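Asks: One structure coming up, written as structure tokens, with questions to follow.
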């Protein structure tokens, strides 16, 4: 009997499991390659390789790193799962399942810790946002991320518009020569549906006015509070996404372990 068919005293490798796991991982691998390519392209565009000091600058969060790290992990796991399933390589399949299990455990641990240390997480979120406010003009990707968050959640700063005093361009000190002094980014502005052209100067000098007057032109609620409100309003959807991701990970681990068991059973009958 042909060895490729793996029929040895009734033991055989399930073709369904093998090729389903291969297909599962090929999608995972291609997504990882896409994320990694985008991250590396953006990294090269910002000439980080010619300025090593920018790599160690942690003043603000750089979204490029998110693409590189997530894409890299997905690429490696997807590659190991694809080759492991196709070549029936137990080492790669074990690597895939153990690494995926470790990620699942870390996600579960992070979820439990986030629930237990809610106040600490909130303080860290405040610190994170304030650091990014300081570095707003230092990185175009960071700037776009902050603008998106403020527009999406209809907020301004971590706790309010005055958080923009932390930025050297927007602070209200008398020594600040910037035209944006005592202002806020355009993403804090309340949008006028009648305006077809985006007014990027809508936030100029707005913090020189009283709080009631500010409300006519900009969002006065902080992004931390708005984010918490969004989580509460969309708790079922957010929980569903996390449960779905967890189930996919468990499913991938089970497929890999099932295939490893089949391969071992076949080898035991050689």
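Residue numbers (the working numbering): 1 to 270.
Yeah, the Cβ is synthetic: ideal placement off N, Cα and C, and Gly gets one too.
Owing to the predicted nature of the structure, the values given are computational and were not obtained by experimental measurement.
Given this structure, state the Cα-to-Cα distance separating residue 167 from residue 134, to the nearest angstrom.
Replies: Along the chain shown, read from residue 1 onward, the residue named residue 167 stands at position 167. Along the chain shown, read from residue 1 onward, the residue named residue 134 stands at position 134. Spanning the two alpha carbons is a distance of roughly 4 Å.
Asks: Applying the criterion that 16 or more other CB atoms from any shown protein chain within 10 Å of the CB defines a buried residue, is residue 180 buried or exposed?
Replies: Counting from 1 along the chain shown, the entry for residue 180 is found at position 180. Buried: at least 16 other Cβ atoms inside 10 Å.
Asks: Using only CA atoms, which one of 251, 260, 269, 185 lies nearest to residue 104?
Replies: As a first step, residue 104 must be located in the chain shown, where it is residue number 104. Measuring from the Cα of residue 104, the nearest candidate turns out to be 251.
Asks: Can you give me the Cβ contacts of residue 248 inside the same chain, cut-off strictly under 8 Å, excluding the 5 residues immediately before and after it?
Replies: What you label residue 248 is simply residue 248 of the chain shown in a count that begins at 1. The answer is none, since no qualifying residue turns up.
Asks: Going by C-alpha to C-alpha distance, which of 258, 239, 31, 119 sits closest to residue 74?
Replies: Residue 74 sits at position 74 when you count from the first residue of the chain shown. Closest option to residue 74, Cα to Cα, is 31.
Asks: Quick check: the Cα distance between residue 203 and residue 196, rounded to an integer number of angstroms?
Replies: In the chain shown, residue 203 corresponds to position 203, counting from 1. In the chain shown, residue 196 corresponds to position 196, counting from 1. Straight-line Cα distance between these residues: approximately 17 Å.
Asks: Would residue 274 and residue 218 qualify as a contact pair, given that the criterion is a beta-carbon distance under 8 Å?
Replies: As displayed, the chain neither begins before 1 nor continues past 270, which places residue 274 out of reach and without an answer.
Asks: Give the single residue among 169, 91, 121 whose Cα lies nearest to the Cα of residue 138.
Replies: Looking up residue 138 in the chain shown gives position 138. Comparing Cα positions, the closest option is 169.
Asks: To the nearest angstrom, how far is the alpha carbon of residue 171 from that of residue 42?
Replies: Walking along the chain shown from the start, residue 171 turns up at place 171. Walking along the chain shown from the start, residue 42 turns up at place 42. In a straight line, the C-alpha of residue 171 is about 30 Å away from that of residue 42.
Asks: Taking only three categories from DSSP, how would you classify residue 112?
Replies: What you label residue 112 is simply residue 112 of the chain shown in a count that begins at 1. It is helical.
Asks: Under a Cβ-count criterion, where at least 16 other Cβ atoms within 10 Å of its own Cβ denotes burial, should residue 62 be classed as buried or exposed?
Replies: Here residue 62 corresponds to residue number 62 of the chain shown, with the count starting at 1. Per the 10 Å Cβ criterion, buried.
Asks: Report back the beta-carbon spacing between residue 158 and residue 129 to the nearest angstrom; my notes put them in contact at under 8 Å.
Replies: The residue given as residue 158 occupies position 158 in the chain shown. The residue given as residue 129 occupies position 129 in the chain shown. That pair is a contact at about 4 Å.
Asks: In whole angstroms, what is the alpha-carbon distance linking residue 4 and residue 240?
Replies: By 1-based counting over the chain shown, the position of residue 4 is 4. By 1-based counting over the chain shown, the position of residue 240 is 240. Legend: pLDDT at residue 4 = 45, less than 50; position of this residue unreliable, no value from coordinates given.
Asks: For residue 198, report the span of its alpha helix (DSSP H) as first-last.
Replies: Looking up residue 198 in the chain shown gives position 198. Careful: residue 198 lies outside any alpha helix (DSSP H) and carries neither H nor E.
Asks: Any idea what DSSP makes of residue 345, helix, strand or coil?
Replies: Because the chain is modelled from 1 through 270, residue 345 falls outside the range shown and cannot be assessed.
Asks: Tell me where the alpha helix (DSSP H) around residue 143 begins and ends.
Replies: In the chain shown, counting from the first residue as 1, residue 143 sits at position 143. Note, residue 143: alpha helix (DSSP H), 140 to 152.
Asks: Tell whether a beta-carbon distance below 8 Å holds between residue 263 and residue 90.
Replies: For this step, residue 263 is matched to residue 263 along the chain shown. For this step, residue 90 is matched to residue 90 along the chain shown. In contact: residue 263 and residue 90 (Cβ atoms closer than 8 Å).
Asks: State the DSSP-derived secondary structure class of residue 189, mapped to helix, strand or coil.
Replies: Reading the chain shown from its first residue, position 189 is the one you call residue 189. If DSSP states are grouped into helix, strand and coil, residue 189 belongs with the strands.
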